[in-house]
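Below you'll find the structure, written out as structure tokens, and then a few comments.
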Amino acid sequence: MKSVLSVQSHVVHGYVGGRAATFPLQYLGWEVDNINTVNFSNHTGYGRVEGSSLLNAEMQSLFEGLQNISCRYDAIILGYIPTPSLIDILAQNIVLMKKDNPALIYICDTVMGDQGHLYVDDLCVKAYKSLLASGLVDLITPNQFELELLCDFAIDSADSLKNALKFIHSKYDVKHIVVSSLSGFLSLFNDGCNDFIYCAVSTKDEDTVEVYLIPEIKSYFTGVGDLFTALLLDKFTRNSGNLPLAVGQVLNIMSHVLKLTHTTGIDEFCRSKGINYDPMTSNDEEIIQGTINDGETMKFFELRVIESRMFYDLTEIGDFRQTTI
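If you want the working numbering, it's the 1-based position in the sequence shown plus 343.
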């Protein structure tokens, strides 16, 4: 059985961070060990949260404890790390883990923000750059905003996207990059697709970038990147490093998960409010959307991680339009 060390957030209620990643990986046959960088009551999208963050000394002691009992992993995935000092401690310990096991797969979701808004300490950007500069990261999964932070320029066209990816490959020696979400306004397809988002896949020393066109569900979800990265680890290893195939499979699974989450959330909202809902004739957007910092809507759109278990071992890549740039 393959083993993975998952370093990311933990919430008591809901499905983000480790709560979004652990069960799917276990269902797929992974032994999952967790280091919780925060221990919160719920995710921050509710607009109110209680809990605490892991202290530097606590993280270091956890790594020392794992080393004392000779824990060895096939992979490590990084998610939400709230402070630059924790990122630095992680980087130091992952160097040791890679030295012990050069075959260790190291996937980093550079969680810093989205849509122009940081939700970590400003200095985390510099810390992530230092972490990537170690040259040990195999695959990163930033969104568009996070990629812009790492390369220090805006992405507003196909050319600027390719330049950003080349910059990361060359400066940080990252072999694989999956940009989990890109604005439809980039017009990477010639016919204009503003009601869609893109996912881009790039491998160092390859001339083209694979781009997938994904229908956008008009609601706000949290934990999507955490689940995406966990599933990507599984499919990437099962497909012997064939990244485009792995991403296609993950996008198909995520499409099923989000559709189930969305329809179930609307149904539960309508039942709670006594609304007569017909999915064939009703306009979902006029009924309810998950809205950031609004706990009264967000609670209906927690990822349906358990209910979606039948999707996790799908191998089809789904019916997504693709292009290369």
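Virtual Cβ for every residue (Gly too), placed ideally from N, Cα, C.
6 angstroms Cβ shell around residue i - same chain, five flanking residues per side excluded
| i | result |
| --- | --- |
| H519 | L482, T546 and L586 |
| V480 | Y449, C451 and V517 |
| R664 | L556 |
| K578 | A589, Q592 and V593 |
Cα-Cα separation, residue i to residue j
| i | j | result |
| --- | --- | --- |
| K517 | N411 | The sequence shown places Val at residue 517, not Lys. Those two C-alpha atoms are separated by around 30 angstroms. |
| N582 | L371 | 14 angstroms |
| N379 | G390 | 21 angstroms |
| I635 | T565 | 9 angstroms |
| D443 | D464 | 31 angstroms |
| G478 | E407 | 23 angstroms |
| T640 | Q592 | 30 angstroms |
| K616 | V567 | 27 angstroms |
| E549 | S473 | 25 angstroms |
Run of the beta strand (DSSP E) containing residue i, from where it starts to where it stops
| i | result |
| --- | --- |
| C542 | F539 to T546 |
| L313 | With the chain running from 344 to 668 in the structure shown, residue 313 is simply not present. |
| R415 | Note, R415: premise wrong, no beta strand (DSSP E); not H, not E. |
| F663 | Where F663 is concerned, there is no enclosing beta strand (DSSP E), given that its DSSP letter is neither H nor E. |
| F383 | E374 to F383 |
The alpha helix (DSSP H) enclosing residue i, as first and last residue numbers
| i | result |
| --- | --- |
| T606 | L586 to K616 |
| T640 | G638 to M641 |
| G361 | G361 to Y370 |
| P427 | P427 to D443 |
| G568 | V567 to R581 |
Beta-carbon contacts of residue i that lie in its chain and below 7 angstroms, excluding the five residues immediately before and after
| i | result |
| --- | --- |
| I596 | L574, F654, Y655 and L657 |
| C494 | A507, F510 and I511 |
| Q403 | I432 |
Residue i versus the options, residue with shortest Cα-Cα distance
| i | options | result |
| --- | --- | --- |
| T572 | P367, S346 and K345 | P367 |
| L492 | A501, A507 and G478 | A507 |
| G638 | G357, A434 and T606 | G357 |
| P425 | Y563, F383 and K561 | F383 |
| G394 | V381, L570, Q403 and F406 | V381 |
| V375 | V350, G661 and L588 | V350 |
| D610 | A589, K642 and Y515 | K642 |
| R652 | H599, F612, E659 and G360 | H599 |
| P558 | I618, D538 and V544 | D538 |
| E650 | D662, G661 and L601 | L601 |
| Q458 | I498, P445 and L429 | I498 |
Cβ neighbours of residue i in the same chain (closer than 8 angstroms, five flanking residues each side left out)
| i | result |
| --- | --- |
| T667 | T551, V552, E553 and V554 |
| A364 | S349, Q351, V375, I420, G422, D569, L570, T572 and A573 |
| S677 | A query on residue 677 cannot be resolved here, the shown segment of the chain reaching from 344 to 668 and no further. |
The ligand NAP heavy atom lying under 7 angstroms from the CB of residue i
| i | result |
| --- | --- |
| H512 | By its list of ligands, the structure shown contains no ligand whatsoever, and the ligand NAP lies outside what it can speak to. |
For this session: Only counting runs of 4 or more residues, tell me where the alpha helix (DSSP H) segments fall wholly within the stretch 455 to 505, in order along the chain.
Result: 467 to 475 and 487 to 494, all fully within the stretch 455 to 505.
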